[in-house]
Amino acid sequence: MTVDEVKIGGLGAKRRRVEDSRFIRGMGNYVDDITLPGMLHMEILRSPLAHARIKSVDASAALAIPGVQLVLTGELLASRNLAWMPTLSYDTQAVLATDKVRFQGQEVACVVADDPYIAKDACEAIVVDYEALPVIVNPTQATANGAPVIRDDKENQHDNVIFDWEVGDQDGTDRAFAAADVVSELELHYPRSHPSPIETCGSIADFDRATSKLTVYMTTQAPHIIRAAVSMVAEIPEHMIRIVSPDLGGGFGNKVPIYPGYVVSILASILLERPVKWIEDKTGNLISTGFGRDIYLRGQMALRNDGKILGVRMHTDSDHGAFFSDAQPTKFKIGLMHAAFACYDIPVAHLTARGVYTNKAPGGVAYRCSFRITEAMFFQERMVQAAADDLGLDQAEIRRLNFVKDDDFPHRTPFGFLTDSGQYGKCLDIGLEAIGYEDFLKQKEEARKNGRLLGIGISTMTEPLGAGNSREYDILGIKMFDSAELRVHMTGKALLRTGAKSQGQGHETTWAQIVAHELGIPADDVVVEEGDTDTAPFGMGTYASRSTPVAGAAVSMVSRKIRAKARKIAAHLLEVSEEDIEWELGRFYLRSSPDSGVTIQECAMAAYSNLPDGMEPGLENNAYYDPPNLTWPFGCYIATVEVDPLTGVWDVLNFVAVDDCGVRINPMIVEGQIMGGLAEAYAMANMQFITFDSEGNCVGSNYMDYLLPTSWETPGFELHEVVTPCPHHPIGAKGVGECATVGGPAAFVTAVRDALKGPGVRNIDMPLLPDRVYEALTEGHDVSGSPPVRTDL
Amino acid sequence: MTSLFAAVTTETPVDTPIRRITVTVNGKQHTLDVEPRLLLAHLIRQGLELTGTHTGCDTTHCGACTVLIDGSPVKSCTMFAVQVDGHEVTTVEGLASASGLHPIQEGFRDEHGLQCGFCTPGMMLTAKALLDENPDPTEDEVRWALSGNLCRCTGYQNIVKSVLVAAARLRAKDNVEEDEAP
Numbered sequence: 001m002t003v004d005e006v007k008i009g010g011l012g013a014k015r016r017r018v019e020d021s022r023f024i025r026g027m028g029n030y031v032d033d034i035t036l037p038g039m040l041h042m043e044i045l046r047s048p049l050a051h052a053r054i055k056s057v058d059a060s061a062a063l064a065i066p067g068v069q070l071v072l073t074g075e076l077l078a079s080r081n082l083a084w085m086p087t088l089s090y091d092t093q094a095v096l097a098t099d100k101v102r103f104q105g106q107e108v109a110c111v112v113a114d115d116p117y118i119a120k121d122a123c124e125a126i127v128v129d130y131e132a133l134p135v136i137v138n139p140t141q142a143t144a145n146g147a148p149v150i151r152d153d154k155e156n157q158h159d160n161v162i163f164d165w166e167v168g169d170q171d172g173t174d175r176a177f178a179a180a181d182v183v184s185e186l187e188l189h190y191p192r193s194h195p196s197p198i199e200t201c202g203s204i205a206d207f208d209r210a211t212s213k214l215t216v217y218m219t220t221q222a223p224h225i226i227r228a229a230v231s232m233v234a235e236i237p238e239h240m241i242r243i244v245s246p247d248l249g250g251g252f253g254n255k256v257p258i259y260p261g262y263v264v265s266i267l268a269s270i271l272l273e274r275p276v277k278w279i280e281d282k283t284g285n286l287i288s289t290g291f292g293r294d295i296y297l298r299g300q301m302a303l304r305n306d307g308k309i310l311g312v313r314m315h316t317d318s319d320h321g322a323f324f325s326d327a328q329p330t331k332f333k334i335g336l337m338h339a340a341f342a343c344y345d346i347p348v349a350h351l352t353a354r355g356v357y358t359n360k361a362p363g364g365v366a367y368r369c370s371f372r373i374t375e376a377m378f379f380q381e382r383m384v385q386a387a388a389d390d391l392g393l394d395q396a397e398i399r400r401l402n403f404v405k406d407d408d409f410p411h412r413t414p415f416g417f418l419t420d421s422g423q424y425g426k427c428l429d430i431g432l433e434a435i436g437y438e439d440f441l442k443q444k445e446e447a448r449k450n451g452r453l454l455g456i457g458i459s460t461m462t463e464p465l466g467a468g469n470s471r472e473y474d475i476l477g478i479k480m481f482d483s484a485e486l487r488v489h490m491t492g493k494a495l496l497r498t499g500a501k502s503q504g505q506g507h508e509t510t511w512a513q514i515v516a517h518e519l520g521i522p523a524d525d526v527v528v529e530e531g532d533t534d535t536a537p538f539g540m541g542t543y544a545s546r547s548t549p550v551a552g553a554a555v556s557m558v559s560r561k562i563r564a565k566a567r568k569i570a571a572h573l574l575e576v577s578e579e580d581i582e583w584e585l586g587r588f589y590l591r592s593s594p595d596s597g598v599t600i601q602e603c604a605m606a607a608y609s610n611l612p613d614g615m616e617p618g619l620e621n622n623a624y625y626d627p628p629n630l631t632w633p634f635g636c637y638i639a640t641v642e643v644d645p646l647t648g649v650w651d652v653l654n655f656v657a658v659d660d661c662g663v664r665i666n667p668m669i670v671e672g673q674i675m676g677g678l679a680e681a682y683a684m685a686n687m688q689f690i691t692f693d694s695e696g697n698c699v700g701s702n703y704m705d706y707l708l709p710t711s712w713e714t715p716g717f718e719l720h721e722v723v724t725p726c727p728h729h730p731i732g733a734k735g736v737g738e739c740a741t742v743g744g745p746a747a748f749v750t751a752v753r754d755a756l757k758g759p760g761v762r763n764i765d766m767p768l769l770p771d772r773v774y775e776a777l778t779e780g781h782d783v784s785g786s787p788p789v790r791t792d793l
Numbered sequence: 001m002t003s004l005f006a007a008v009t010t011e012t013p014v015d016t017p018i019r020r021i022t023v024t025v026n027g028k029q030h031t032l033d034v035e036p037r038l039l040l041a042h043l044i045r046q047g048l049e050l051t052g053t054h055t056g057c058d059t060t061h062c063g064a065c066t067v068l069i070d071g072s073p074v075k076s077c078t079m080f081a082v083q084v085d086g087h088e089v090t091t092v093e094g095l096a097s098a099s100g101l102h103p104i105q106e107g108f109r110d111e112h113g114l115q116c117g118f119c120t121p122g123m124m125l126t127a128k129a130l131l132d133e134n135p136d137p138t139e140d141e142v143r144w145a146l147s148g149n150l151c152r153c154t155g156y157q158n159i160v161k162s163v164l165v166a167a168a169r170l171r172a173k174d175n176v177e178e179d180e181a182p
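Residue numbers (the working numbering), protein chains in the order written: chain A, 1 to 793; chain B, 1 to 182.
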């Protein structure tokens, strides 16, 4: 009688994705696919200069072009007190520039016209008179004596420092270093990178004068946060705002912040009382929207001669661009950087962090990572590698020696996080076995004799995914919980809504699988909706791998509430007391007579037709889930590479990933997430970076200059799994979407450096472009710091 | 259609040049009046309301806007609509037939060859052009053929698998049809 869980698409089923039936037909519904009656089109005029005073903006020629409906300038916005808006990190950001422009690509004016061609023409007809100012493009310049103050719009800002922050135990760390046999050091730069989903940002604002209701279709990963923010900025009551995030063409953190384009399209719609569509072009997306990384990291590790780590010091200098708009938990200034070294048993550590303003686009979004975790784990693994080199230890052995052991959980990390589960040694063993570690080391030595350069790199890490708990995690004071609402109809079919927002992760498929697991309702009988703030329960959205840990848990919890009510109905239908019945998947039955039972579908029908006396009708509920802790997946990534000594070009020979993300809801989707994450790790290690010349020109404003890997160069990946269930998640799942991006880069970089290893080459900073590798190889020295700036463009 | 965005009532200035074109899109012939500067991607998306063709990069790099023109894959974001006068265009909406999904569509669905779905139409059309020419490609040939289409979600591995699976199914189908031929 038991329902077969895999057959109904429950936990562990490699269920085909529900979303795909529309995507493969070209029937997805992305923002730019939406056309509303009477809709106008908006384009943005951006600053060509990185730092300049605006002397005047003359839009008269633009306004004279037939079909132009409105030109919005900073001056117009200022007259309505809308020229500045709050960021997600308690800073302010210019919506349209008034006094100065502070980065290249900053929004200066917007044109609304009958079609985007006219709007673009009109943007070109706007005359802006700029007076160029000195430009700052890195933290060294930003903190130099006499550096111009970029944010002179802020009353108490007398320099370019945004924050000086610290965490950990300085005195204890000093003591650990005093007792060390060896101190290893490392300094590196994690370059600026852009998440660059293929779909750019955009919005359609539709203000309805008759009802005073504002509907905004928008590319956002966090529609409810946007609703709250729009309500605050535009002073529209929250219940009169509906944010709809339709299908998203990727996000990767890029679609978390609030961008000026959204805000101006809203204002334009209010002013014109017509729908206004803004679709960003690719250059606008690359030069003005949320970057990731751009951080200089240095640190020291105190060690015993045998390789045991005694303590760590870290310092970071982060470049946040002209506005501090990081989307991250309020309490922590440099994201979860201090989750570094969590998989190692290290007694003490201390981190100092300084963030600065520069004349670059606002950065610091969590690009496929849980708030700076990518930088933290990259530094961690490179530091461990540096220590292994200094001590002459094997890179696998030093990790094994320092791992938190399986029976040492829960474990307090050196910066105070509590990790709760993992089998780190087992993951490493599986990885080493799969890559053929010992054989490869021999092969490497043999190859070297023949002038071939082979290398191997290991990266192992656990990372905190799934913020909150709400005690510690909030954005703008809003607690980081999440939600689910489940309606079971009388025929046993169901509608599920959550506060998360899929951008390709497949929530419509996997959330239904959790319901199937909890209730025995076939996944095909559950439709999932997200992204419409008028219908979805309040949630914090999807980023930082938080959907499964938080919203996914809420789906379990609401299903269990439904099951609890169904149990009372079942007892009524079976004419026994609740204590006399048992649950198996999809069915309640009499303990004394297991053949007598009622299905969940029969209970659903009874909820609308045959209720016990006094019971409230219906079978619907919701759950707000506040996780007790983050989830801590583990990843072991091992790359083998060959470097061409004549060109510095490197190829991946093999790549093995061992991921432990706890219980896998849909293994097919989990593997898809891991492969996608690895491709982005490879991209960052190999080619993907956006740099700036000394004038603050963004070198990488299109896909000709900002290189994304294609199917041709992206290597294949071999995946393995270990399952250590999360002890506090209702179904034992952990986050996974970002593990490979976070842990992957260090494996590639270590492998390339291993291939070159000779006296002097300790570090090559990403991206490992052939010229940098060639320089390290032929000159025998480090190649560090910001990537070379091309001046030949 | 007198202008690109016909839904918006604009008085077309008298000096705006207009060209009349005839184009067959997914088997259906259209005669259209378009501005010479109108991009093909916009004609398809806004003019013909076939929104399965996506625009990603505006510069011919990402391939989300790939369509087939007389069977060859072309990035429609940097081609003018007037250039397809007299030609046949196939978009993603033309892949499936009345009898069901195209094997390439099934391949992408079955092998988890897509996540956000934005690059998928262009990927599938490029794959179709490849398989029309080379029914039995190697993995490298698939990777090379798709290298003008960017995907940020999948890491390509499953896309390549999807195309190889589709190729095998198409070959099997052809064999059956040959066997059944009188």
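Here a beta-carbon is modelled for each residue, glycine too, at the ideal position from N, C-alpha and C.
Count the other C-beta atoms from every protein chain shown that fall within 10 angstroms of the C-beta of residue i, then say buried if there are 16 or more, exposed otherwise.
{"i": "A172 (chain B)", "result": "exposed"}
{"i": "Q300 (chain A)", "result": "buried"}
{"i": "H239 (chain A)", "result": "exposed"}
{"i": "M42 (chain A)", "result": "buried"}
{"i": "M232 (chain A)", "result": "exposed"}
{"i": "V127 (chain A)", "result": "exposed"}
{"i": "P135 (chain B)", "result": "exposed"}
{"i": "D179 (chain B)", "result": "exposed"}
{"i": "A144 (chain A)", "result": "exposed"}
{"i": "Q380 (chain A)", "result": "buried"}
{"i": "T51 (chain B)", "result": "buried"}
{"i": "Q29 (chain B)", "result": "exposed"}
Hey, residue i and residue j are a contact pair by Cβ (cut 8 Å); roughly how many whole angstroms apart?
{"i": "L678 (chain A)", "j": "G744 (chain A)", "result": "5 Å"}
{"i": "I65 (chain A)", "j": "G355 (chain A)", "result": "Not a contact, Cβ separation roughly 43 Å."}
{"i": "G56 (chain B)", "j": "E166 (chain A)", "result": "With 8 Å as the limit, G56 (chain B) and E166 (chain A) do not qualify as a contact, their Cβ atoms being about 42 Å apart."}
{"i": "S596 (chain A)", "j": "L574 (chain A)", "result": "7 Å"}
Could you give the DSSP three-state label for residue i: helix, strand or coil?
{"i": "L125 (chain B)", "result": "helix"}
{"i": "L619 (chain A)", "result": "coil"}
{"i": "G457 (chain A)", "result": "strand"}
{"i": "N158 (chain B)", "result": "helix"}
{"i": "Q183 (chain B)", "result": "Past the boundaries of the shown model lies residue 183 (chain B); chain B is included only from 1 to 182, so the question cannot be answered."}
{"i": "E106 (chain B)", "result": "helix"}
{"i": "N175 (chain B)", "result": "helix"}
{"i": "Q300 (chain A)", "result": "strand"}
Apart from the five residues just before and just after residue i, which ones in its own chain have a Cβ nearer than 6 Å to its Cβ?
{"i": "D326 (chain A)", "result": "S89, G364"}
{"i": "C123 (chain A)", "result": "E43, L45, V111"}
Short of 7 Å in beta carbon distance, which residues of its chain neighbour residue i, apart from the five on each side in sequence? Order them along the chain.
{"i": "L170 (chain B)", "result": "P103, L131, P135"}
{"i": "K75 (chain B)", "result": "T60, G63, C65, T66"}
### Message
Beta carbons nearer than 9 Å to chain B: which residues of the segment 242-262 of chain A have them?
### Response
Taking 9 Å as the Cβ-Cβ cut-off, the segment 242-262 of chain A approaches chain B at D247, L248, G249, G250, G251, F252, given in chain order.
### Query
Using Cβ-Cβ distances below 8 Å, what residues of the segment 108-133 of chain B are close to chain A?
The segment 108-133 of chain B vs chain A, Cβ under 8 Å: F108, R109, D110, H112, L114, Q115, C116, G117, F118, C119, T120, P121, M124.
### Task
Using a Cβ-Cβ cut-off of less than 9 Å, give me the residues of the segment 669-682 of chain A that come near chain B, in sequence order.
The segment 669-682 of chain A vs chain B, Cβ under 9 Å: I669, E671, G672, Q673, I674, M675, G676, G677, L678, A679, E680, Y682.
### Query
Listed from N- to C-terminal order along the chain, which residues in the segment 2-34 of chain A have their beta-carbon within a distance smaller than 9 Å of any beta-carbon of chain B?
Against chain B - using a Cβ distance shorter than 9 Å - the residues of the segment 2-34 of chain A are K14, R16, R17, E19, D20, S21, R22, F23, I24, R25, G26, M27, G28, N29, Y30, D32, D33, I34.
### Message
To be precise: take each residue of the segment 133-167 of chain B, compare its Cβ to all Cβ atoms of chain A, and keep it if any distance is under 7 Å. Which residues remain?
### Response
Cβ contacts with chain A: R143, W144, L146, S147, L150, R152, C153, T154, G155, Y156, Q157, N158, I159, V160.
### Task
Give, in chain order, every residue of the segment 702-732 of chain A whose Cβ lies closer than 7 Å to some Cβ of chain B.
Correct list: N702, Y703, M704, L708, T710, S711, W712, T714, G716, F717.
#### Entry: Contact residues within the segment 272-302 of chain A, judged by C-beta distance below 8 Å to chain B
Taken in chain order, the members of the segment 272-302 of chain A whose beta-carbon sits within less than 8 Å of a beta-carbon on chain B are D281, K282, T283.
### Task
Could you run through the segment 56-75 of chain B and flag, in chain order, every residue whose CB is less than 8 Å away from some CB of chain A?
Considering only beta carbons, the part of the segment 56-75 of chain B lying closer than 8 Å to chain A consists of G56, C57, D58, T59, H61, C62, A64, in chain order.
### Query
Taking any Cβ of chain B, which residues in the segment 187-219 of chain A have a Cβ under 9 Å from it, in chain order?
For the segment 187-219 of chain A, residues whose beta-carbon sits nearer than 9 Å to a beta-carbon of chain B comprise P195, S196, P197, I198, E199, T200.
### Message
For the segment 599-615 of chain A, list every residue whose C-beta sits within 8 Å of some C-beta in chain B, in sequence order.
### Response
Those would be none; no residue qualifies.
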